[in-house]
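Notes follow the structure.
Numbering (our numbering), first residue to last: 33 to 483.
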């Protein structure tokens, strides 16, 4: 079982050239999906010359160079009590990860994991294929999966959106508990909850924690839900109908919470020097993407991304690991859907991107101030509501996963996790997981093996 462990603080800078066009997407799935709006279009490929399930050549650590071991770096300036906790055994974490990823009788089609600490890659591995020969990839079997292979990360987009929103609020000196109504498009009709004058207004915190009451609004049998969805024209009737925050009921997961944040982000950016012209259906997604790329990813040293791939002929695909011969699917936002990019899903990132991004967030103030970062973690803004529960095996862990399901049994699964001692983990799988275990559970078990 090949693996790579890195202990140098400079490892992240060595030979980390992003694979060109390494992306894929998936249809809405998992909790909170409200139907396709927008619905990225899956592009199935013919089986080609592949029959059955030949065993691919493992990619191993070939896209990264192992540096000379160095002592553990000190905690960086700007880090907080979020870095606290007992020491972790990195070897035990990696051993458990490898055991889980090689369990079961049928391996995942392709996968990678990355572990970053204080901005440096300290461990990781990649195996399988991002794209098979029958799907147009070169080589005897196809294009290898790497730690730098980008793919549509599904709902793991949400913590990236949360970073953008919390940063923008902090920069504009707007508290997280501020009602959102004034930041929605002025032309939209606003029902109860969305109207700034509502007795129980929906706040940014409500959207970030899925306590806005939007799920209940979708489930209300007395409401006409015609046209409701995650796109601009699907969110308008939702906002006009209204919703009542449900803080006492806990998280009620709904993608529309974060789709609305995509619409709102450009208005917040305008308060901090961003484009000042009207936010429209055609420009809001691209402004969201521009903000994420320049204000969130760039400070972490991560290349710009999008919700589609510029080189479809090279892009990674998603597979049914039990029937690789039917070929993979490329899923991305179509040309007429680019304006809806991001918010609840859609971004194309790699396991290394996700781990590096969250490491920058936790260990520095490059993305946002220390106080804003603390608010994001302590308030579980963008993280699973199950995160960091004292007295459980989730103590000191914050995470969010992403899941996509396609026709023909094709799947994609992702997760990004913050662990004690500033360890950041991320995993990307372009098919079913090895034993159908939830991918964030795979990471959680690995961290707990190292406690």
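For each residue, glycine too, the CB sits at the ideal point set by N, CA and C.
| Item | Value |
| --- | --- |
| Could you name each continuous alpha helix (DSSP H) segment of 4 residues or more that falls completely within the segment 107-180, going from the start of the chain to the end? | 122-133 |
| For a quick check, are the C-beta atoms of residue 362 and residue 342 less than 8 Å apart? | no |
| If you measure between the beta carbons of residue 395 and residue 202, is that distance less than 8 Å? | no |
| Leaving out the 5 sequence neighbours to the left and right, which residues in its chain are closer than 6 Å to residue 103 when beta-carbon positions are compared? | Because the pLDDT at residue 103 is just 48, under 50, the model does not fix this residue reliably, and the value given afterwards should be weighed accordingly. Around residue 103: no qualifying Cβ. |
| Determine, using beta-carbon pairs with one atom in the segment 302-314 and one in the segment 272-283, whether at least three such pairs fall under 8 Å. | no |
| Give me, in chain order, the residues of the same chain whose beta-carbon lies closer than 6 Å to that of residue 483; leave out the 5 immediate sequence neighbours on both sides. | none |
| Taking the alpha carbon of residue 390 as the reference point, which residue from 457, 443, 231, 433 has its own alpha carbon closest? | 457 |
| Can you list, in chain order, the residues of its chain with a C-beta nearer than 6 Å to that of residue 249? Leave out the 5 residues immediately preceding and following it. | 275 |
| What's the gap between the Cα of residue 422 and the Cα of residue 293? | 30 Å |
| Near residue 296, what residues of its chain come up, given a Cβ to Cβ distance below 7 Å and the 5 sequence neighbours on each side ignored? | 212, 215, 216 |
| How close, in whole Å, do the beta carbons of residue 377 and residue 144 come, if the pair is a contact with beta carbons under 8 Å? | At roughly 20 Å, the Cβ-Cβ gap does not stay under 8 Å, so residue 377 and residue 144 are not in contact. |
| Return the chain-ordered list of same chain residues with a C-beta closer than 6 Å to the C-beta of residue 417, the five sequence neighbours on each side being excluded. | 283 |
| Return the first residue and the last residue of the alpha helix (DSSP H) that residue 395 is part of. | 383-395 |
| Measure the C-alpha to C-alpha separation of residue 259 and residue 183 and round it to an integer number of angstroms. | 29 Å |
| Taking contact to mean 3 or more Cβ pairs, one atom from each stretch, closer than 8 Å, check whether the segment 126-142 and the segment 459-476 are in contact. | yes |
| Pick helix, strand or coil for residue 276, following the three-state DSSP scheme. | coil |
| Looking at residue 141 and residue 462, is the spacing between their C-beta atoms short of 8 Å? | yes |
| Would DSSP call residue 449 helix, strand or coil? | strand |
| Per the DSSP calculation, residue 311 is bridged to which residue(s)? | In the DSSP output, where bridge partners are listed per residue, residue 311 has none listed. |
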